[in-house]
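Visitor: Per the numbering used here, the very first residue in the sequence shown carries number 1; after that it's consecutive.
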Amino acid sequence: MIRTGAERAVVAAVFESEGAAARAIEDILETNGLDAENASLILRREIAAGGKGAFLLIISRRRWLC
């Protein structure tokens, strides 16, 4: 649902996993040509008021500061 008067709605989620699940996801992404070691997956869905939409998958490297 898009707020009255708004041009679009945006929903985003960050997914992180560890252990066997993380290794399985890394294997799937690397099989598809994406280097995903130690990465977060960010999914973003945008829907325009006119009904058109876009879907974006971002693979983001985690950086740890010590």
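Glycine residues also receive a C-beta, built at the ideal position from the N, C-alpha and C atoms. The structure displayed is predicted, hence computed values, not measured ones.
(1) Starting from E26 and walking both ways along the beta strand (DSSP E), at which residues does that stretch end?
(2) For E46, which residues of its own chain have a beta-carbon under 7 Å away from its beta-carbon, when the five flanking residues on both sides are left out?
(3) Could you check how far apart the C-beta atoms of A49 and A6 are, in whole angstroms? I think they sit under 8 Å.
(4) Helix, strand or coil for L57, going by three-state DSSP, please let me know.
(5) Taking just the CA atoms, how far does R3 sit from C66?
Guide: In brief:
(1) By one-based count along the sequence shown, residue 26 stands at place 26. It is not in any beta strand (DSSP E) - E26 instead sits in the alpha helix (DSSP H) that spans G19 to T31.
(2) To locate residue 46, count along the sequence shown from 1; it is residue 46. Here the set comprises R8, V10, G53 and A54.
(3) The residue you call residue 49 lines up with position 49 of the sequence shown. The residue you call residue 6 lines up with position 6 of the sequence shown. Correct: roughly 7 Å between the Cβ atoms.
(4) Position 57 of the sequence shown, counted from the start, is the residue given in the question as residue 57. L57 falls in the strand class under three-state DSSP.
(5) Here residue 66 is taken as the residue at index 66 of the sequence shown, counted from 1. Here residue 3 is taken as the residue at index 3 of the sequence shown, counted from 1. Since pLDDT at C66 reaches only 33, below the 50 mark, its modelled position is unreliable, and no value is offered.
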